[in-house]
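Shown next, in structure tokens, is the structure this report addresses.
In the numbering used here, the protein residues as written are 5 to 140.
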């Protein structure tokens with residue numbers, strides 16, 4: 005999935021402009037990278053376009069995932085600059101659902117297993133996420 009396709013899908017799902025969707029996408033992926041292991045974030049990044057993958061990078065020394073639930077995840081997204089707090093919940097749902105479509109099922113499931121079960125409530129059911137690796 006290309007960057008523009010990802011952002012457009014988020015915009016449609018969250019019912020926001022593409023500019024808002026781009027901001028929500030970046031911030032949600034950055035927050036996800038804080039919540040899952042560095043290795044898993046890297047595995048997801050490998051399957052995404054660079055403009056999305058960059059948001060999953062963690063600075064050196066940031067190897068440990070931080071444990072927090074869905075409410076805290078949404079709060080952190082809403083507290084980031086450039087994000088309308090009122091859109092954070094819908095944005096998280098839209099980004100995670102679109103991510104599910106953009107990467108392989110196994111990689112997505114590996115990431116989700118690192119999250120509390122409550123996250124599954126915000127991921128919309130979709131087809132079998134047949135994402136492709138970069139360069140394929």
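Note that beta-carbon positions come from the ideal geometry of N, C-alpha and C, so glycine has one too.
Looking from the CA of residue 52, the closest CA among 114, 9, 73, 122 belongs to 9. The three-state secondary structure of residue 101, taken from DSSP, is helix. Relative to residue 86, the option among 75, 13, 40, 32 whose CA is nearest is 32.
The way I'd put it, the stretch 96-104 does touch the stretch 9-27; three or more beta-carbon pairs between them come closer than 8 Å.
Sequence-distant Cβ neighbours of residue 93 in its own chain, meaning closer than 7 Å and more than five residues away, are 78.
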